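**Q** Heads up, the sequence shown is in the UniProt record's numbering, so the first residue is 1 and it goes up one at a time.
Built from N, CA and C at the ideal position, the CB exists for glycine as well.
No experiment lies behind these values; they were computed from the predicted model shown.
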Amino acid sequence: MQNLLPWQQISQHVWQIDVPTNTLPPESSTNLYLIADAGYGLLVDPGSNRPEVGQTIQAIADQLRIELWIGVMATHYHHDHTDGLGLLSKRLNCPAYLHKLEIDKYCAEHSGEMRPLELPDKFQWASIEVSIQHSPGHTHGHVYVQINPDNVICVGDHLSATGTVWVGPPDGHMDDFYESLEWLIQAEGRLALPGHGHPISHPQLAAQTMLDRRLQREQDILKLLVSGEKSLDDLQMALYPNLPTAAKIFAKRTLLAHLVRLESTGEVKRSFCPKNKSTLFFRTGNY
C-alpha cells in the first residue's frame, strides 16, 4: 500500500499536504499546496523529494481527476520549500517556477538540476486566477500567492501558525518585511496559508500582530543598548536565552536585520573592538 502523507481540503480549490522537511524547530514539516480546477493543477512549495510526496500528489490527482499540470512553484528558494521542485517538475511534465531574484540562488543550492522559469504575474485557467505578489522580506524574491476565487493567500514564511518567523541578511531585509506585512494588512484575504502550521484566519490581524511584535523587538534592543555597547551574542543571550542550538543562528540573523534597520534610522551605530575582534552596537543621541 502506498505510504500517503496527511492532506486536507482547505477551500474550494485548495488542498494542503503535510510534507516532512528539514526545517527549523519546532516545525518538522512544510505545507505543500495543490490548487486545482477543471482537470488542471498547480503546486506551491514542494519542500521534499521523498517518494511519498509524489505518491500523495498522484492519489489526490486521481481523486480530483487532474490530467494536466500548470506548473510547480515555490514562494521562495529555501530548501524546505524547493527540494522537490525539480523532481516534481520532471515527474508531472510541467514547468518549475521561482521569482527571478530566487533562481540563481536555487541553482547554486541545487547544482545540476533544471533551471526554473521566472514566475509570471498570474496563472489563469477555467474559473481560477492565481495572482503572484512580490513580497520581499524573508528573502528578496519571496512571493505571496493569491487564489482569488477562494479569497485565500499562500504567505510562505511571512506568517506562522505556531510562532514568529526569521528575517535576516543576506536573504532579506526588515524594511521589506514590514512593507510586505503592511500589504497583507490591507489585503482582502479571508485565510492565510502559511509555509508551516495550520491555516490562519483573519490574515490582516495576524500580519498586524507580527508587525507589532517585530517593532516591539526593536524597542527591546534599544533598551538594552541604553546601558552600553553590546555584541550580537550579548543581544541574543539577553533576548533569546533558551533557544535550541539550531535556532540560535537564525535569531542572530533576525537581530542583525533589526540592527541594520535601526542603523538606517540613525538610532544605532556600530564599532569594531580590535581586542575581541567583534562588532559592537550602541545607541546614538537620536532618542
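Hey, which unbroken runs of the beta strand (DSSP E) at 3 residues or more fall wholly within the region 60–96?
**A** 68–73
**Q** Could you tell me the alpha carbon to alpha carbon distance between residue 14 and residue 80, rounded to whole angstroms?
**A** Within the sequence shown, the letter at position 14 stands for residue 14. Within the sequence shown, the letter at position 80 stands for residue 80. Going by the C-alpha atoms only, they are around 20 Å apart.
**Q** May I ask you to check if the CB of residue 148 is nearer than 6 Å to at least one heavy atom of the ligand GTP?
**A** Ligands displayed in this structure: none; no statement on the ligand GTP is therefore possible.
**Q** Could you name the residues that DSSP lists as bridge partners for residue 132?
**A** Stepping through the sequence shown from its first residue, residue 132 is reached at position 132. DSSP, once it has assigned bridges, lists 145 as partnering residue 132.
**Q** Three or more C-beta pairs under 8 Å: does that hold for the region 198–206 against the region 176–187?
**A** yes
**Q** Going by other Cβ atoms of all chains shown within 10 Å of its Cβ, with 16 needed for buried, is residue 246 buried or exposed?
**A** Taking the sequence shown and counting its residues from 1, one reaches residue 246 at position 246. Label assigned to residue 246: exposed.
**Q** Let me check understanding here. Comparing Cα to Cα, which of 48, 32, 210, 99 lies closest to residue 132?
**A** Sequence index remark: in the sequence shown, residue 132 carries index 132 (1-based). The residue with the shortest Cα to Cα distance from residue 132 is 99.
**Q** Do you know offhand how far residue 9's Cα is from residue 161's?
**A** What you label residue 9 is simply residue 9 of the sequence shown in a count that begins at 1. What you label residue 161 is simply residue 161 of the sequence shown in a count that begins at 1. Residue 9 and residue 161: Cα-Cα distance of roughly 17 Å.
**Q** Jot down the residue ranges of each uninterrupted alpha helix (DSSP H) in the region 234–270, minimum 4 residues, whole runs only, in chain order.
**A** Segments of the alpha helix (DSSP H) lying fully in the region 234–270: 245–264.
**Q** With C-beta atoms as the reference, is residue 94 less than 7 Å away from residue 69?
**A** Reading the sequence shown from its first residue, position 94 is the one you call residue 94. Reading the sequence shown from its first residue, position 69 is the one you call residue 69. Yes, the pair counts as a contact, with Cβ atoms nearer than the cut-off.
**Q** Residues in the same chain with beta-carbon distance under 7 Å from residue 254, minus the five sequence neighbours each way, listed in chain order, please.
**A** Translated into the one-based positions of the sequence shown, residue 254 becomes position 254. Correct list, in chain order: 166, 167, 168.
**Q** If you drop the 5 nearest sequence neighbours on each side, which residues of the same chain put their C-beta closer than 8 Å to that of residue 121?
**A** Along the sequence shown, read from residue 1 onward, the residue named residue 121 stands at position 121. Cβ within range, chain order: 131, 132.
**Q** Please state if the CB of residue 77 and the CB of residue 102 are separated by a distance shorter than 7 Å.
**A** Taking the first residue of the sequence shown as position 1, residue 102 is located at position 102. Taking the first residue of the sequence shown as position 1, residue 77 is located at position 77. For residue 102 and residue 77, yes; Cβs fall inside 7 Å.
**Q** What residue does the alpha helix (DSSP H) around residue 101 start on, and which one ends it?
**A** Indexing the sequence shown from 1 puts residue 101 at position 101. Element bounds for residue 101: n/a, residue is neither H nor E.
**Q** Note the first and the last residue of the continuous alpha helix (DSSP H) segment covering residue 207.
**A** Along the sequence shown, one-based indexing puts residue 207 at 207. Run containing residue 207: 203–226, per the alpha helix (DSSP H) assignment.
**Q** Between the alpha carbons of residue 288 and residue 222, how many angstroms are there, rounded?
**A** The requested residue 288 does not occur in the structure, where the chain is confined to residues 1 to 287.
**Q** According to DSSP, is residue 12 part of a helix, a strand, or is it coil?
**A** Indexing the sequence shown from 1 puts residue 12 at position 12. If DSSP states are grouped into helix, strand and coil, residue 12 belongs with coil.
**Q** Hey, quick one: how far does the alpha helix (DSSP H) through residue 183 stretch, first residue to last?
**A** As a position in the sequence shown, residue 183 is number 183, starting the count at 1. Membership of residue 183 in the alpha helix (DSSP H) is indicated by the continuous run 174–186.
**Q** How would you label residue 1, buried or exposed, when you count the other beta carbons within 10 angstroms and need 16 or more for buried?
**A** As a first step, residue 1 must be located in the sequence shown, where it is residue number 1. Note that residue 1 scores 44 on pLDDT, short of 50, meaning its location in the model is unreliable; the coordinates nonetheless yield the value given after this. With fewer than 16 Cβ atoms within 10 Å of its Cβ, residue 1 is classed as exposed.
**Q** Leaving out five residues before and five after residue 274 in sequence, what residues of the same chain have Cβ atoms less than 8 Å from its Cβ?
**A** Within the sequence shown, the letter at position 274 stands for residue 274. Closer than 8 Å at the Cβ level, and outside the excluded window around residue 274, lies no residue.
**Q** Would the region 103–111 count as touching the region 49–57 if we require 3 or more Cβ pairs under 8 Å?
**A** no
**Q** Please return the same chain residues whose Cβ sits closer than 7 Å to the Cβ of residue 252, not counting the five positions on each side in sequence.
**A** In the sequence shown, the residue the question calls residue 252 occupies position 252. Correct list, in chain order: 232, 236.
**Q** With a 10 Å radius around its C-beta and 16 neighbouring C-beta atoms as the bar for buried, classify residue 84 as buried or exposed.
**A** As a position in the sequence shown, residue 84 is number 84, starting the count at 1. Residue 84 counts as buried, since at least 16 other C-beta atoms from the protein chains shown sit within 10 angstroms of its C-beta.
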